[in-house]
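Numbering (this note's numbering), first residue to last: 3 to 88.
Note that CB positions come from ideal geometry on N, CA and C, so glycine has one too.
Here the structure is a predicted model, which means the values were calculated and not measured.
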């Protein structure tokens, strides 16, 4: 079921109840789908650390973050003096 934004605001409680019962509710804006109401469900099993082990890598040519950039991010006055002339 596709409903426009105005109808969704006006009938939110009813739409939430229908989504909770399993109906597919899509909210549209200017006739295009932008959001979907889905029933809430508890996670059945806890997340396990290491699920992406071996699937993520850092390129060999990845450079360490230069100190001047770290100083700039941290608001170090030396960076401002040297590069911004303050």
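Can you pull the DSSP bridge partners for residue i?
i	result
residue 39	27
residue 6	30
Whole angstroms is fine: what's the gap from residue i's alpha carbon to residue j's?
i	j	result
residue 60	residue 54	13 angstroms
residue 18	residue 39	7 angstroms
residue 11	residue 29	10 angstroms
residue 52	residue 46	18 angstroms
residue 50	residue 21	30 angstroms
residue 27	residue 3	5 angstroms
For residue i, which residues in the same chain have their Cβ closer than 6 angstroms to its Cβ, ignoring the five residues on either side in sequence?
i	result
residue 72	none
Considering Cα atoms alone, identify which of the options is closest to residue i.
i	options	result
residue 24	8, 43, 36	43
residue 36	75, 78, 76, 5	5
residue 32	15, 14, 9, 66	9
residue 34	7, 70, 13	7
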